[in-house]
Amino acid sequence: MPMHFETFDWIAHHAARRPEKTALVDLASGRSIDYAGMDGRVGRLAGFMRDRFGIAPGDRVALLAENSSDYLEVQFACFRIGAVFVPLNWRLTVPELNYIVGDAAPKAMIHDRGFAETAAAVQAVTGFRHRLETAADGSPSEYEAAMEEGPYEAEMVPQQMSDLSTIMY
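Under our numbering, the first residue of the sequence shown is numbered 2, with each subsequent residue one higher.
1) Taking the straight line between their C-alpha atoms, what separation do you get for G139 and Y100?
2) Which of the three DSSP states, helix, strand or coil, is assigned to M39?
3) Can you give me the Cβ contacts of H15 inside the same chain, cut-off strictly under 6 angstroms, excluding the 5 residues immediately before and after it?
4) For the alpha helix (DSSP H) containing R81, list its first residue and its last residue.
5) Among R32, Y170, R81 and L73, which residue has its Cα nearest to the Cα of P1?
6) Considering only residues of the segment 7–60, which uninterrupted beta strand (DSSP E) runs meet the minimum length of 3 residues and lie entirely inside it, listed in chain order?
7) Where DSSP assigns a beta bridge to I111, which residues make up the other side?
8) Excluding the five sequence neighbours on either side, which residues of its own chain have a C-beta within less than 6 angstroms of the C-beta of M1, listed in chain order?
9) Contact criterion: CB-CB distance below 7 angstroms. Does L73 meet it with respect to chain D?
10) Exposed or buried, V75, counting other C-beta atoms within 10 Å across all chains shown (16 or more means buried)?
11) Taking the Cβ atom as the reference point for each residue, do S69 and D104 lie within a distance shorter than 7 angstroms?
12) Which same chain residues, not among the five before or five after G31, have their C-beta less than 8 angstroms away from its C-beta?
13) Measuring only the C-alpha atoms, how far is R202 from Y170?
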């Protein structure tokens, strides 16, 4: 029998209690963001993935990126809509990524601009439907345009203890 629990959204929790406090500092881009801003970005990205990419609870979303604030936004956005977060190691070769992505079967991949060729090569073999390019340095990107395209918003989807949240290889 599935065990139900109250789904907890750490970002929304802190945004409601201490919105002006720093949530993270991105050393790559120099960007600092408070909890209110982080909550808004996570909600917009989650809503974008749901509304534009058709990501539903249980669908997988792969991320091919170096460490940045975008990485955390994607992870929390996946959790918010019940999607399964699939972080990929950017040091792997295309054949290795083909195996992992083929096995995980994500519906979408979000990737750093520097990995665009790799993402396209993996998409050509594995056939995932959607790609979204981000820029770890904070420069204009498809990812940032999606954040501004809105009005997307997403609340935390109720989940069970048995629901898959992350697949790591």
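All C-beta atoms in this analysis are idealised placements derived from N, C-alpha and C, irrespective of residue type, glycine included.
The answer reads as follows:
1) G139 and Y100: Cα-Cα distance of roughly 30 angstroms.
2) When secondary structure is reduced to three states using DSSP, M39 falls in the helix class.
3) If we look at H15 and ignore the five residues flanking it on each side, its Cβ neighbours are Y36.
4) Looking at the DSSP string, the run of the alpha helix (DSSP H) that includes R81 is S70 to I82.
5) Since the first residue of the chain shown is 2 and the last is 170, residue 1 is not available in this structure.
6) List check, beta strand (DSSP E) in window: 23–26 and 33–35.
7) I111 has L64 and L133 as its beta-bridge partners, per DSSP.
8) Residue 1 is absent from the structure shown; the chain starts at 2 and stops at 170.
9) No chain D is part of this structure, which consists of one protein chain only.
10) Under this definition V75 is a buried residue.
11) 7 angstroms or more divides the Cβ of S69 from the Cβ of D104.
12) Excluding sequence neighbours, G31 sits near G139.
13) Because residue 202 is not part of the residues shown, which for the chain are 2 to 170, the question remains open.
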